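Protein chains: 2
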Amino acid sequence: MRNNALERKLGAFVALSETELSVLDELNKRRRTFVAGRDIVEQGQTEQSAYVLASGWACSYKLLQDGQRQIVDFQIPGDFLGLRSLLMHVSDHSVEPITDVEVTEVLRDDLLGAFTQTPRLATAVLLAASRDEAMVVEHLVGIGRRNAAERLANFLLELGARLTLVGLGSKAGFECPLTQYLMADAVGLSAVHVNRVLRQLREDGLVTVHEGFVSFDDYDRLAKFAEFDLTYMDQIGPLLK
Amino acid sequence: MRNNALERKLGAFVALSETELSVLDELNKRRRTFVAGRDIVEQGQTEQSAYVLASGWACSYKLLQDGQRQIVDFQIPGDFLGLRSLLMHVSDHSVEPITDVEVTEVLRDDLLGAFTQTPRLATAVLLAASRDEAMVVEHLVGIGRRNAAERLANFLLELGARLTLVGLGSKAGFECPLTQYLMADAVGLSAVHVNRVLRQLREDGLVTVHEGFVSFDDYDRLAKFAEFDLTYMDQIGPLLK
DNA sequence: CCGAATAGCTGATGTAGATCAGCACTTCTC
DNA sequence: GAGAAGTGCTGATCTACATCAGCTATTCGG
Numbered sequence: 043m044r045n046n047a048l049e050r051k052l053g054a055f056v057a058l059s060e061t062e063l064s065v066l067d068e069l070n071k072r073r074r075t076f077v078a079g080r081d082i083v084e085q086g087q088t089e090q091s092a093y094v095l096a097s098g099w100a101c102s103y104k105l106l107q108d109g110q111r112q113i114v115d116f117q118i119p120g121d122f123l124g125l126r127s128l129l130m131h132v133s134d135h136s137v138e139p140i141t142d143v144e145v146t147e148v149l150r151d152d153l154l155g156a157f158t159q160t161p162r163l164a165t166a167v168l169l170a171a172s173r174d175e176a177m178v179v180e181h182l183v184g185i186g187r188r189n190a191a192e193r194l195a196n197f198l199l200e201l202g203a204r205l206t207l208v209g210l211g212s213k214a215g216f217e218c219p220l221t222q223y224l225m226a227d228a229v230g231l232s233a234v235h236v237n238r239v240l241r242q243l244r245e246d247g248l249v250t251v252h253e254g255f256v257s258f259d260d261y262d263r264l265a266k267f268a269e270f271d272l273t274y275m276d277q278i279g280p281l282l283k
Numbered sequence: 043m044r045n046n047a048l049e050r051k052l053g054a055f056v057a058l059s060e061t062e063l064s065v066l067d068e069l070n071k072r073r074r075t076f077v078a079g080r081d082i083v084e085q086g087q088t089e090q091s092a093y094v095l096a097s098g099w100a101c102s103y104k105l106l107q108d109g110q111r112q113i114v115d116f117q118i119p120g121d122f123l124g125l126r127s128l129l130m131h132v133s134d135h136s137v138e139p140i141t142d143v144e145v146t147e148v149l150r151d152d153l154l155g156a157f158t159q160t161p162r163l164a165t166a167v168l169l170a171a172s173r174d175e176a177m178v179v180e181h182l183v184g185i186g187r188r189n190a191a192e193r194l195a196n197f198l199l200e201l202g203a204r205l206t207l208v209g210l211g212s213k214a215g216f217e218c219p220l221t222q223y224l225m226a227d228a229v230g231l232s233a234v235h236v237n238r239v240l241r242q243l244r245e246d247g248l249v250t251v252h253e254g255f256v257s258f259d260d261y262d263r264l265a266k267f268a269e270f271d272l273t274y275m276d277q278i279g280p281l282l283k
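Chains as they are written, first to last, in the numbering used here: chain A, 43 to 283; chain B, 43 to 283.
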């Protein structure tokens, strides 16, 4: 069976041949499910497998000694979970499912083996990883230099854009299982302040976050307000023919 | 001639064979120099080449519309400059030399071509990119969840550790061409506050930053204070034999 | 040799966002 | 069916940092 999540993900970066596709098929046929709240990858562990998210939401985060947590990114269908943990000796972060999730598993040796067989796959993974890194960089800029409202606006717009790419959102809005606590840990604010800022954005007629749904009340004004620029998401199409 | 900067960089992640080394030699023989202050890579441009820093310091940064700047990372000898810009369609950041720098140039087509010939190279680059991403993630956590003093302490410790790896620093300290303005843009503070916090750290007998030199006055106490943990730098040795 | 940058430094004041404390509503558990 | 836990929401207070303003010491170009 063709057309799994990993193929869609990598196909966005390089056009894959038949043989490459069949190598991919071999790579990730093990399907697994995880329940919400129980970590999939744990900081400090040595991981033998990564996953590609088929359905549901997850988040990758780091804990500080004092118990504070910084969410690095949320993962939506099509995204890798724990790829960096697989590539590095010990995982530098944890991954937790926010909802129940379905994933396909990718074993380290299989992945590295596949690179040797079909180098274009390695290039594709490298490009996918670069795009992920670009997103982290963008978050860094947001947290370092934007105020609370701009940060939250950017955050919601980025999520919306990513979900739209996989058919789960539009300029009107998207379904969103995140609590205000989760958003706070992602944008580096307190949950209390997230609440206030969301109210502000709602009263200004920009976005409404309510009952698990994010509605863009005025997408263009919101994008302008947030200085939202998604070139970093680099979704023009395959770089390699 | 063997033993250039790129070989050292990638050799840290995979053990490279003779043929792989010779491919590498072909890859980056063009040596260039850039003067301090004039951008090497520019946000929004499409880049055809990346570089490996042979000597000097550089920084990668992003600008916001209002003129604020966030420095994403500093590059020291052995680091890539603009690798992500090469891999993506359009560069999401700029790179500026802080001192005069010497680099070797790597052309996009050469790099992608080399991946096809020797897939292990692709793996090596992927691992190197993962380590870079891990550092950005660590910066994100620092900016999101640590206070000014912890942030600066972490920042100096990380620079020290990285410089030590390439023989340019030790637990005693390192030479450092960064102004307080540059540090401020990197850790997301104002230069004024950087100044005050550095004074605080100095008065507490932890670190002294003076006349282009960073001295760790009490490395262990500083590391403890900053909760410094360098597992994310992942320098245990080659993952692949 | 003089004016203009650049860098480090400091005090006074302002503010964005944290923290604390508490209410209302829903869902889950025994 | 009562308690406990999770989530959203709000007012009052506190504080870590930014901003403004201005000082000194170097360096650098003409």
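All C-beta atoms, glycine included, are put in the ideal place defined by N, C-alpha and C. Quick caveat: nothing in here was measured; it's all calculated off a predicted structure.
{"Check": "Interface residues of the segment 102 to 124 of chain B facing chain A [CB-CB below 8 Å]", "Outcome": "K104, L106, Q107, Q110, R111, Q112, V114"}
{"Check": "Pairwise C-alpha distance: A233(B) and D121(A)", "Outcome": "38 Å"}
{"Check": "For L123(B): DSSP bridge partner residues", "Outcome": "Y93(B)"}
{"Check": "Contact set between F157(A) and chain B, taken where Cβ atoms lie within less than 7 Å", "Outcome": "P161, A164, T165"}
{"Check": "Where the alpha helix (DSSP H) through D227(A) begins and ends", "Outcome": "222 to 229"}
{"Check": "Top-ranked residue by Cα proximity to L149(B), from R72(B), E200(B), L194(B)", "Outcome": "R72(B)"}
{"Check": "Near-chain A residues of the segment 167 to 194 of chain B - C-beta to any C-beta below 8 Å", "Outcome": "V167, L168, L169, A171, S172, R173, D174, E175, A176, V178, V179, E180, H181, L182, V183, I185, G186, R187, R188"}
{"Check": "Cβ-based contacts, 7 Å cut-off: residues of the segment 227 to 242 of chain B near chain A", "Outcome": "G230"}
{"Check": "Residues, ordered as in the chain, of the segment 124 to 136 of chain A that lie near chain B by beta-carbon distance below 7 Å", "Outcome": "R126, L129, M130, H131, V132, D134, H135"}
{"Check": "7 Å Cβ cutoff, E253(B) in contact with chain A", "Outcome": "no"}
{"Check": "Cβ-Cβ distance between Q90(B) and S136(B) below 7 Å", "Outcome": "no"}
{"Check": "Partner residues on chain B for Y274(A), Cβ-Cβ distance less than 7 Å", "Outcome": "D134"}
{"Check": "Chain-ordered residues of the segment 260 to 272 of chain A with a beta carbon less than 8 Å from chain B", "Outcome": "E269"}
{"Check": "F216(A), enclosing beta strand (DSSP E) - first and last residue", "Outcome": "215 to 217"}
{"Check": "Among Y223(A), G230(A), L264(A), L248(A), the one whose alpha carbon lies nearest that of I140(A)", "Outcome": "Y223(A)"}
{"Check": "Cβ distance (whole Å) where A228(B) is taken to contact I113(B) below 8 Å", "Outcome": "4 Å"}
{"Check": "Residue burial classification, D174(B) (beta-carbon count within 10 angstroms, cutoff 16)", "Outcome": "buried"}
{"Check": "Strand pairing of L149(B), partner residues [DSSP]", "Outcome": "S91(B)"}
{"Check": "Extent of the continuous alpha helix (DSSP H) run through V167(A)", "Outcome": "161 to 187"}
{"Check": "Which residues DSSP lists as bridging G211(A), in chain order", "Outcome": "F216(A)"}
{"Check": "At least 3 beta-carbon pairs within less than 8 Å: the segment 127 to 134 of chain B vs the segment 258 to 265 of chain A", "Outcome": "no"}
{"Check": "Expected contact under 8 Å - CB spacing of H235(B) and A190(B) to nearest Å", "Outcome": "6 Å"}
{"Check": "Endpoints, beta strand (DSSP E) assigned at L105(A)", "Outcome": "100 to 105"}
{"Check": "Chain-order list of residues whose beta-carbon lies under 7 Å from that of G53(A) (same chain, five-residue window excluded)", "Outcome": "none"}
{"Check": "Residue interval of the alpha helix (DSSP H) (run including F55(B))", "Outcome": "Run containing F55(B): none; DSSP gives neither H nor E here."}
{"Check": "Cα-Cα separation, M43(A) to D67(A)", "Outcome": "With a pLDDT of 41 at M43(A), under the threshold of 50, the modelled position of this residue cannot be trusted, and the question is left open."}
{"Check": "Same chain, Cβ closer than 6 Å to G202(B), neighbours up to 5 away in sequence not counted", "Outcome": "G211, F216"}
{"Check": "Span separating the alpha-carbon of Y103(B) from that of A78(B)", "Outcome": "15 Å"}
{"Check": "Buried versus exposed call for H252(B) [16 or more other C-beta atoms within 10 Å across all chains shown]", "Outcome": "exposed"}
{"Check": "Identified DSSP bridge partners for L64(B)", "Outcome": "Leu is not the amino acid found at residue 64(B); the sequence shown has Ser there. According to DSSP, which records beta bridges pairwise, S64(B) is partnered with nothing at all."}
{"Check": "Assigned exposure category for F255(B) - 16 Cβ within 10 Å defines buried", "Outcome": "exposed"}
{"Check": "For E138(A), the three-state DSSP class (helix, strand or coil)", "Outcome": "strand"}
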